[in-house]
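S.K.: Handing you a structure now.
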C-alpha cells in the first residue's frame, strides 16, 4: 500500500495509465500494429464527441482558441466502433482502420496535407477527392490530436518517445523537452538506440559519433528554428533529437557549431517516425478511459525508402 | 563534389569591386527585384575583389577555405546566419553567429547572396546547373521552367544512380517505386512547395527539402490510390550545389583576371 501511494504521487496520471495497461495491452502480431484494450468494466458506448472530450480532459488550461485539433471527417455524434491512433492518417492507415472495424482515427497530423482550409484547392485535387470519398463511404471520423496532446503534461509525444527509449525516469517537469542522462553515452550509441527503439530505417546525423551525449533536447515533429536556435545557445544540449529540421537554419547552426568545437550534435529522424511513439502511447493512455472500445495504434511509418 | 577553379585571361588589366561583380551577376536578368534576399551580408560594396568563391551554404568551413584560396568575395545561394532574411538581432548573443561575423570581419570577406535572381535567370541557373551535371540539358526547354520531358522513358533506379553519381549524394529518400518508368520530371530544388501535383501529374518530382507533412504525404497517398507520381528528396544543399558550380563557370568570363572557385558546401549529414 505504501508503495502504491508513493507511485501515485507526483506523476500519477500517466504512470497509472501505463501501469494499468502493462498487464492488459496485447500485441497483435501484425508489424506496426499494437492493440491496447482494456478488459473488463461495464460495456459502454461512446460518440466521437465523447471520445474527444475524454481525450481533452487531462490537458490543463482552457482549450486553445485556434487549434488544428478539429474533426476532419465524419460527424461528432456518430457512435464509435473502434479507435485507431496514428501520426499520419494515410490512405493505407485508413484502409487498415476499416479492416479492424474502427470508425474513428485519432491522428496527430493533417488528413489533407495541411491544405485543410483551402476548399478551392481541395475540390480539384484528385488525391484529396479520392481520400474524402473513401472516408465518407466508410463513415470514418478523423480527429486531430495535435495541439492538446503536446499541451498535455507531460507532452504526450515526448513522453511516449521517452518511454520507448527507456528514458522516462530522467524526465524533469522543469525542463520538459530536455533530459539529462545519469551517465554519458556516445553519439553512435544514441543513433543505434533511436534507430532500434523508434523503428527508423535511417537517420541523418551531424556530429562526431564518438563524442559524448549527456543532455538531450527533443524537437520531435517540426519545431520552429527561431525557438530551437536560442535554446541551443542557452542550454547547450549535447544532442538534439528532431523530426524535421530545416537544413539552412538548425542544420547550419549545428554544423557551424561543430566546426567551432561546440558540443551540440543533431539526429534527424523524419517527421512521421519522430512522433509515432507518442501516438502509440496515446492508444495506451486512452484505452482505459474508453472501456469496452478497442483502441489500436497503426503506425503510418516513414514515407521514405532510403536508396 | 570537388573544388573547381575557372579563370578567364584578361585582355587588359582590370579590377572589380564587389559592387561591379554584383552588377555583372544581375546583368542578364530582365528585372532586378527590390524585395529580395540577394543582398550583401558582410563586407563592403567598394572593396576590390581578390578572388570569388561560389557555394551553396556559406558554412564556416567554406569561409575558411575561401580565406585559404586568397579570395575575399563569396557568392552564396543561401544564408550565412541560419535564416533566410539574415536577420541578426535575435542572434546577437549566439556564439556561432558572433564567431562567424568576427571571422568575416577580420578577414574582410564579402558575402553576397545570389538566390532570387539566379532562380529568376532564364534558364533558372540552379535547375540548369543540375541538368548539366546530369547530362539532361539537351532535353530542356527554357519555357517549360521546372518541367523536363525525357525523349525516352528511363527507369527510376537508373535516375537514382545518375543523381547519386552526378551530384555526389550518399543517400536519397524515395517515395515511390524504383521500377517506375519516368518520362516527365518536375524540379523543385532547394526548399519549395511542389504545387498542384494532381494537376501536373509528373512521373517524378525531384526536390531538395520540403515539409514532410505536405507534398511528401500527398505523394505517398497518391501512390496508394494508383497515381504515378514518385518523389526523390535529395536534401537542400546537394540539390542546389550544381547550380552554384555552374554559377562559377558562368560568371568567370564576365570577370576576366579574377579567379572564380566553386567550393561545394556538401551535405552536412552522415546517413546512418
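Residue numbers (the working numbering), protein chains in the order written: chain A, 1 to 307; chain B, 1 to 272. From the three backbone atoms N, C-alpha and C, an ideal C-beta is built for every residue, glycine too.
(1) Who does residue 57(A) pair with in a DSSP beta bridge?
(2) Which whole-angstrom value describes the C-beta separation of residue 72(A) and residue 144(A), a residue pair presumed to lie in contact below a C-beta threshold of 8 Å?
(3) Just to make sure I have the definition right: I need the residues of chain B whose C-beta is within less than 7 Å of the C-beta of residue 131(A). Which are they?
(4) Thinking C-alpha only, which one of 131(B), 222(B), 83(B) is nearest residue 128(A)?
(5) On the DSSP bridge list, what partners appear for residue 76(B)?
(6) Between which two residues does the alpha helix (DSSP H) containing residue 212(B) stretch?
(7) What is the DSSP secondary structure of residue 104(A), counted as helix, strand or coil?
(8) Can you say whether residue 79(B) is buried or exposed, counting buried as having 16 or more other CB atoms within 10 angstroms of its CB?
(9) Quick one: give me the first and last residue of the alpha helix (DSSP H) that residue 277(A) is part of.
(10) Please check if any C-beta of chain B sits within less than 9 Å of the C-beta of residue 304(A).
(11) Answer yes or no: do residue 48(B) and residue 17(B) have a C-beta to C-beta separation smaller than 9 Å?
(12) From what residue to what residue does the alpha helix (DSSP H) around residue 95(A) run?
(13) Enumerate in chain order the residues of its own chain whose CB-to-CB distance from residue 47(A) is below 8 Å, with the five nearest sequence positions on each side excluded.
(14) Between residue 250(A) and the rest of its own chain, which residues show a CB-CB distance below 6 Å, the 5 nearest in sequence each way excluded?
(15) Tell me which residues share the same chain as residue 273(A) and place their Cβ nearer than 8 Å to its Cβ, disregarding the 5 neighbours each side in the sequence.
(16) Comparing the C-beta of residue 110(A) with each C-beta of chain B, is any distance below 9 Å?
(17) Check whether chain B comes within 9 Å of residue 31(A), counting only Cβ atoms and requiring the distance to be less than that.
(18) Tell me which residues share the same chain as residue 93(A) and place their Cβ nearer than 6 Å to its Cβ, disregarding the 5 neighbours each side in the sequence.
(19) Return no unless some Cβ of chain A is closer than 9 Å to the Cβ of residue 42(B).
(20) Mapping the DSSP letters down to three states, classify residue 245(B) as helix, strand or coil.
(21) Any C-beta of chain A sitting closer than 9 Å to the C-beta of residue 134(B)?
(22) If we cut at 9 Å on Cβ distances, does residue 236(B) have a partner in chain A?
(23) Give, in chain order, every residue of the region 185 to 215 of chain A whose Cβ lies closer than 8 Å to some Cβ of chain B.
(24) Strictly below 9 Å CB to CB, what residues from chain A border residue 90(B)?
(25) Quick one: residues in its chain with C-beta nearer than 7 Å to the C-beta of residue 22(B), no 5 flanking neighbours on either side, listed in chain order?
(26) Kindly indicate which residue of 277(A), 285(A), 286(A) has the alpha-carbon position closest to the one of residue 162(A).
(27) Please confirm if the region 152 to 168 of chain A is in contact with the region 237 to 255 of chain B, defined as three or more CB-CB distances below 8 Å between the two stretches.
(28) 9 Å is my cut-off, CB to CB: does residue 298(A) come that close to chain B?
(29) What residues of chain A sit near residue 100(B), judged by a beta carbon separation below 9 Å?
(30) Going along chain B in order, which residues have a C-beta closer than 7 Å to the C-beta of residue 251(A)?
(31) Does any C-beta atom of chain A lie closer than 9 Å to the C-beta of residue 224(B)?
(32) Identify the residues that DSSP records as bridge partners of residue 141(A): which are they?
(33) Give the residues of chain B in contact with residue 233(A), contact being defined as C-beta atoms less than 7 Å apart.
(34) Any C-beta of chain A within less than 9 Å: which residues of the region 162 to 175 of chain B qualify?
(35) Rounded to whole angstroms, how far is the Cβ of residue 72(B) from the Cβ of residue 51(B), which I believe are closer than 8 Å?
(36) Is there a Cβ of chain A sitting closer than 9 Å to that of residue 24(B), yes or no?
M.R.: With the structure as the only source:
(1) DSSP output for residue 57(A) lists no bridge partner at all.
(2) 6 Å
(3) 221
(4) 222(B)
(5) 55(B), 113(B)
(6) Note, residue 212(B): premise wrong, no alpha helix (DSSP H); not H, not E.
(7) strand
(8) buried
(9) 271 to 286
(10) yes
(11) yes
(12) 91 to 99
(13) 76, 77, 78, 79, 80
(14) 225, 228
(15) 198, 199, 200, 243, 301, 302
(16) yes
(17) For residue 31(A), the predicted structure reports a pLDDT of 49, less than 50, and the residue's modelled location is therefore unreliable. A value from the coordinates is still provided. No, because no Cβ of chain B sits closer than 9 Å to the Cβ of residue 31(A).
(18) 86, 298, 300
(19) no
(20) helix
(21) no
(22) yes
(23) 191, 195, 202, 203, 204, 205, 206, 209
(24) 226, 229, 230
(25) 112
(26) 277(A)
(27) no
(28) no
(29) 256, 260
(30) 268
(31) yes
(32) 104(A)
(33) 93, 94, 95
(34) 164, 171, 172, 173, 174, 175
(35) 7 Å
(36) no
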